[in-house]
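Everything on this sheet refers to the single structure shown next.
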Amino acid sequence: MNPPRYLELVCPAGTPAALSTAVDAGADTVYCGFRDATNARNYPGLNFDPIEMREGIAYAHARGRRVLIAVNTFPRAGETALWHDAVDRAAALGADAVILADLGVLDYAARRHPGLRRHLSVQAAAANPLAINFYHRRFGISRVVLPRVLAVSEVAALVGAISVETEVFAFGSLGTMVEGRCYLSSYITGRSPSCDGVCAPAEHVSYREEGDDLLASLGDAVMNRFAPGEPRSYPTPCKGRFVTLGTPSYLFEEPVGLNATAILPELKAAGVTALKIEGRQRGRAYVAEVVRTFRTILDQLADGRPAPPVSASLLALTEGGQQTFGAYRPGWR
Amino acid sequence: MEPGGEQRSFPAGLARAAIWALPPPALQAGASALLRGIGRRHPRLFRDLASLPPARILIAPTDLPHRFLLTLGGGPPRLSLAAATESFTASLKGRFAALIDLLEGRLDGDTLFFSRALTLTGDTAAVVGLRNTLDRETIDLLSEAAALFGPFAAPARAAARRLERLVDLAHRRIVLLHAALHAADPQGRSAPHPTPHPATAPDLSRLRTDLDRLAGRLAALEGKERRRPHGKAA
Amino acid sequence: MNAMTALPPARLTLGPLLFHWPAAERRDFYFRIADEADIECVYLGEVVCAKRIPFFAPHLPAVLERLRNAGKETIISTLALITSEHELAEITELAAGGLTVEANDVTAIEALAGRPFVSGPLINLFNEGTLDYLVHQGAFRVALPVELSAAAIATLAARNPTGETEVQVFGRQSLAISMRCYHARAYGLHKDACQFICERDPDGLPADQIDGRGLLSVNGTQTLSHGYLVLLSELPALRQAGVSHLRLSPQRGADGGMDMVRIAALFRAVASESLEPAAAEAELRTLIGSTPLINGYLHGRAGMAWVPAGGNT
Chain D
1 MNPPRYLELV CPAGTPAALS TAVDAGADTV YCGFRDATNA RNYPGLNFDP IEMREGIAYA
61 HARGRRVLIA VNTFPRAGET ALWHDAVDRA AALGADAVIL ADLGVLDYAA RRHPGLRRHL
121 SVQAAAANPL AINFYHRRFG ISRVVLPRVL AVSEVAALVG AISVETEVFA FGSLGTMVEG
181 RCYLSSYITG RSPSCDGVCA PAEHVSYREE GDDLLASLGD AVMNRFAPGE PRSYPTPCKG
241 RFVTLGTPSY LFEEPVGLNA TAILPELKAA GVTALKIEGR QRGRAYVAEV VRTFRTILDQ
301 LADGRPAPPV SASLLALTEG GQQTFGAYRP GWR
Chain B
334 MEPGGEQRSF PAGLARAAIW ALPPPALQAG ASALLRGIGR RHPRLFRDLA SLPPARILIA
394 PTDLPHRFLL TLGGGPPRLS LAAATESFTA SLKGRFAALI DLLEGRLDGD TLFFSRALTL
454 TGDTAAVVGL RNTLDRETID LLSEAAALFG PFAAPARAAA RRLERLVDLA HRRIVLLHAA
514 LHAADPQGRS APHPTPHPAT APDLSRLRTD LDRLAGRLAA LEGKERRRPH GKAA
Chain C
568 MNAMTALPPA RLTLGPLLFH WPAAERRDFY FRIADEADIE CVYLGEVVCA KRIPFFAPHL
628 PAVLERLRNA GKETIISTLA LITSEHELAE ITELAAGGLT VEANDVTAIE ALAGRPFVSG
688 PLINLFNEGT LDYLVHQGAF RVALPVELSA AAIATLAARN PTGETEVQVF GRQSLAISMR
748 CYHARAYGLH KDACQFICER DPDGLPADQI DGRGLLSVNG TQTLSHGYLV LLSELPALRQ
808 AGVSHLRLSP QRGADGGMDM VRIAALFRAV ASESLEPAAA EAELRTLIGS TPLINGYLHG
868 RAGMAWVPAG GNT
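These protein sequence lines are chains D, B and C, in that order.
With the working numbering, letter number 44 in the first sequence gets 44, and the count goes up by one each step, no holes.
With the working numbering, letter number 71 in the second sequence gets 404, and the count goes up by one each step, no holes.
With the working numbering, letter number 40 in the third sequence gets 607, and the count goes up by one each step, no holes.
Below, the structure written as structure tokens:
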């Protein structure tokens with residue numbers, strides 16, 4: 001495998017075409033999932049069957065890159081066999097690691113496939129040294145994907161207190177709730193992000209025009225009303241507009257996307273191993289643009305040159321066309 | 334697996350002009366043939382499309398007189414011209430070029446919702462499933478369309494690219510010139526204004542001349558493009 | 568029904584108070600629970616925000632003593648999200664003390680280092696593998712997540728070797744937890760200078776849909792359902808499925824007058840089959856007022872749904 005320059009660039013692939021796009025655009029590592037509820041982007045038309053996964057891994061490995069397979073949802077009682085199969089398949093296909101969250105699945109993988117690298121998914125929301133050491137000591141995880149709730153200074157302190165690699169989110173959609181423990185979408189639709197791998201499922205999403213405004217609903221609940229010309233967003237509950245104290249507002253989070261390109265040297269100095277790009281649901285065009293931009297920036301930083309200013313094309317790909325540092329900077333909380 | 338790096342550009346402007354010019358029966362035959370061709374070259378993609386849940390998706394380009402119906406479920410997908418009274422389970426409206434961007438994977442699923450370029454009604458899941466499935470492989474729509482010309486595919490493709498490039502170039506230059514003109518002369522032509530900065534005065538008049546000449550050439554080009562019997566081979 | 572009568576009735580528990588009530592009021596609430604409520608087990612402790620802990624800490628010993636003297640089991644629930652040094656210290660201190668702990672995060676399990684604990688409802692315990700693992704690690708009771716359906720609860724309760732499986736049957740359902748304080752945000756304040764504004768909404772701050780219909784309620788960094796979970800007609804089936812503990816989550820009601828002692832009595836009466844669920848539900852509705860009742864998750868539906876007794880399960 002090619003050693004990553006500066007920071008390992010971990011990129012999303014929702015489809016086989018996105019995987020090759022990410023590899024061609026300079027991803028060090030690509031993460032993807034099988035076509036079922038075993039991963040957290042279980043959307044119609046996305047993900048890989050075993051043959052596509054085998055081809056994808058071959059494509060990446062031939063170019064010195066890695067493939068991680070996300071098996072990062074929580075099996076419902078009585079359905080664990082599908083998750084165990086997914087772990088077995090990932091091992092048989094030669095994945096470089098599996099990304100796991102459920103205690104039972106972690107236990108299974110650690111016992112059945114001790115030689116297969118295990119990464120702790122952000123869905124496990126391990127945000128402190130005790131929690132991370134819990135997973136390290138019991139299940140031998142090699143890497144933790146940190147929840148998007150920590151400031152850079154907290155990331156640095158954490159890295160110093162644990163003995164596994166850290167991967168942090170650098171770009172993409174920003175969930176404001178602690179991952180893996182948010183039931184807002186299932187409360188409204190009945191389908192669970194934790195177990196079904198789908199938040200705000202498309203079959204529950206509807207748009208309706210009311211006068212000049214556009215109403216976006218999830219199930220029976222109205223998530224937002226957009227005036228003409230206002231930036232729209234997908235009706236995810238944590239991105240909705242709600243009325244508190246008589247005033248409608250983006251109570252949880254404005255429609256913004258995370259963009260950490262400007263603070264990559266800080267993340268590197270904090271001791272982070274890898275950067276994660278969110279967006280397996282977003283397709284080839286997004287993957288090509290974001291990965292290429294990050295590749296350029298990382299190469300420049302690796303060569304000791306200053307990073308270029310944030311590109312407009314990247315900004316256009318953030319949610320609502322607006323960007324944030326999220327929790328990395330104080331004040332977000 | 335095919336490399337996905339290069340983004341080819343489908344001549345949407347040209348195709349739009351051709352669709353304007355075609356009589357409905359030829360268009361119907363062309364649409365079916367195009368889909369069959371994609372089916373031959375992308376069998377796995379077709380299998381995935383066939384396995385999507387049943388849906389009738391109305392595709393309505395806002396800048397064309399025709400609307401199309403994509404029927405999914407229960408066998409291979411079918412594309413046909415939609416009658417005015419056609420029933421559908423989902424609809425997708427937008428400019429022809431935006432719809433092509435979606436088909437060729439230049440617009441992603443989220444952008445579909447964020448932007449106002451496309452309006453989606455009805456069965457959201459069907460459209461998301463379709464979009465994601467189309468994104469699984471790279472479809473080169475230009476090659477698919479050119480393939481309809483049979484042995485003349487290569488020359489047709491080259492001609493289409495050349496023509497589209499000319500039209501596109503002319504459009505782009507006009508936009509640039511307008512921008513330059515505006516920067517040099519922010520009040521506009523008719524507004525009374527003090528004497529322009531001495532350095533910009535001669536540039537300004539040359540810019541105006543260029544702009545007028547280009548606009549004329551573009552009008553001629555677009556007229557020619559509309560008269561071409563593009564797609565008749567279907 | 569015959570099989571069920573062979574089982575001892577389920578025990579009632581009072582879940583941790585999720586809201587920020589004034590300390591004296593909180594103390595008096597627990598004194599009254601100790602003296603008057605027909606409840607076997609009381610969970611104390613702060614689940615939502617570490618900044619609230621110092622307010623009640625001085626009263627905790629007296630409250631613990633009063634509850635114990637009344638014969639009630641006492642358990643301390645831990646924070647759902649732990650990131651800061653201060654929060655970590657809180658957990659390690661708690662783990663080192665002699666109190667029984669309900670862990671709401673694996674952090675607490677790690678800190679307890681093998682001592683018995685209750686697996687709290689905010690731990691993702693969805694399946695047999697996780698249940699086996701947590702029991703092996705020392706969970707003597709599992710309080711299941713609110714999202715589970717009756718079928719999942721039955722599978723897990725039947726498998727649980729400790730025989731102690733707990734399910735929430737009353738009160739707003741905890742739906743999400745964040746680092747960000749939405750309460751402060753709603754009042755235009757910052758989390759670090761929040762002025763403990765969440766004290767103003769002792770039953771949660773309504774977060775309504777744009778069209779005015781209720782949907783959620785906010786409690787500091789926590790988001791809860793707007794509707795009150797009420798499982799009454801479901802109690803016999805839950806008991807038969809092996810659920811041993813029924814959790815009532817403390818609420819004050821929209822007007823502040825909700826009486827948890829009375830609510831406990833209603834659930835006790837239905838659990839011991841001395842009152843028809845319909846009669847208990849009718850009285851509950853008068854106590855709750857206009858806030859909707861919900862029970863969707865248990866019936867495999869959207870959590871905010873209400874499936875009436877005898878409806879589709």
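All C-beta atoms in this analysis are idealised placements derived from N, C-alpha and C, irrespective of residue type, glycine included.
When 8 Å is used as the limit between beta carbons, leucine 432 (chain B) is near no residue of chain D, the shortest such separation being about 15 Å.
Counting C-beta atoms within 10 angstroms of its own C-beta, alanine 221 (chain D) has 16 or more neighbours from the protein chains shown and is therefore classed as buried. Distance check between proline 75 (chain D) and each of D:Met53, D:Phe242, D:Asp36 places D:Asp36 closest, using alpha-carbon atoms only. Per DSSP, leucine 799 (chain C) lies in no alpha helix (DSSP H) segment and is marked neither H nor E. For the pair glutamate 592 (chain C) and isoleucine 855 (chain C), the Cα-to-Cα distance works out to about 20 Å. In this structure, tyrosine 597 (chain C) lies near leucine 611 (chain C), with their beta-carbon atoms less than 9 Å apart. The C-beta of serine 121 (chain D) comes no closer than 9 Å to any C-beta of chain C. By the neighbour-count definition (other C-beta atoms within 10 Å, threshold 16), threonine 853 (chain C) is an exposed residue. For isoleucine 472 (chain B), there is no enclosing alpha helix (DSSP H), as DSSP gives it neither H nor E. Close to chain D, meaning a Cβ-Cβ distance shorter than 9 Å, are the following residues of the segment 767-785 of chain C: Leu772, Pro773, Ala774, Asp775, Gln776, Ile777, Asp778, Gly779, Arg780, Leu782, Leu783, Val785. Excluding five sequence positions before and after valine 702 (chain C), the CB atoms of its chain that fall closer than 8 Å to its own CB belong to Val709, Asn727, Pro728, Thr729, given in chain order. Per DSSP, the beta bridge partners of isoleucine 744 (chain C) are C:Gln789.
In the DSSP secondary-structure assignment, threonine 466 (chain B) is not bridged to any residue.
In this structure, valine 87 (chain D) sits away from asparagine 39 (chain D), with a CB-CB distance that is not shorter than 9 Å. Here serine 185 (chain D) is buried: its Cβ has 16 or more other Cβ atoms, across all protein chains shown, within 10 Å.
Of the candidates D:Lys239, D:Ala127, D:Pro4, D:Leu120, the residue whose Cα lies closest to the Cα of alanine 675 (chain C) is D:Ala127. Distance from aspartate 96 (chain D) to leucine 68 (chain D) at the Cβ level is roughly 6 Å; contact confirmed, criterion being Cβ atoms closer than 8 Å. Only residues of its own chain outside the window of five on either side were considered, and among them Leu7, Glu8, Arg143, Glu165, Thr166, Glu167 have a CB closer than 8 Å to the CB of threonine 273 (chain D), listed in chain order.
Residues of the segment 454-477 of chain B with a C-beta atom less than 9 Å from some C-beta of chain D are Thr454, Gly455, Asp456, Thr457, Ala458, Ala459, Val460, Val461, Gly462, Leu463, Arg464, Asn465, Thr466, Leu467, Asp468, Arg469, Glu470, Thr471, listed in chain order. Cβ neighbours of glutamate 470 (chain B) within its own chain (closer than 6 Å, five residues either side excluded): His375, Leu378.
Among the bridge pairs identified by DSSP, asparagine 224 (chain D) is matched with D:Ala216. Under the Cβ criterion (8 Å, minimum of three pairs), the segment 191-208 of chain D does not count as touching the segment 678-688 of chain C. For phenylalanine 242 (chain D), the CB contacts under 6 Å within the same chain, skipping 5 residues up- and downstream, are Leu251 in chain order. For a Cβ distance threshold of 8 Å, residue set Asn691, Phe693, Asn694, Thr697 of chain C lies close to phenylalanine 74 (chain D), ordered along the chain. For aspartate 381 (chain B), at least one C-beta of chain D is nearer than 9 Å to its own C-beta.
Distance from the CA atom of alanine 847 (chain C) to the CA atom of glycine 638 (chain C), rounded to whole angstroms, is 26 Å. Looking at the backbone, the Cα of glycine 304 (chain D) and that of serine 233 (chain D) are separated by about 38 Å.
Contacts between methionine 177 (chain D) and chain C, judged by CB atoms closer than 8 Å, involve Ala743, Ile744, Ser745, Thr790 in chain order. Counting C-beta atoms within 10 angstroms of its own C-beta, glycine 824 (chain C) has fewer than 16 neighbours from the protein chains shown and is therefore classed as exposed. Burial is judged here by how many other beta carbons sit within 10 angstroms of a residue's own beta carbon; asparagine 2 (chain D) has fewer than 16 and is exposed.
Excluding its 5 nearest sequence neighbours in each direction, leucine 382 (chain B) has C-beta neighbours in its own chain below 7 Å: Leu405, Pro410, Thr466, listed in chain order. Runs of the alpha helix (DSSP H) lying entirely within the segment 805-878 of chain C and spanning at least 4 residues, in chain order: 827-838, 844-855. For cysteine 11 (chain D), the enclosing beta strand (DSSP E) stretches over residues 8-12.
Between the alpha carbons of phenylalanine 226 (chain D) and alanine 216 (chain D) lies a distance of about 8 Å.
Partner residues in the beta bridge of leucine 391 (chain B), as assigned by DSSP, are B:Leu402, B:Ser424.
Excluding sequence positions up to five before and after leucine 782 (chain C), its CB lies within less than 7 Å of the CB of Ala774, Asp775, Gln776, His793, all in the same chain and listed in chain order.
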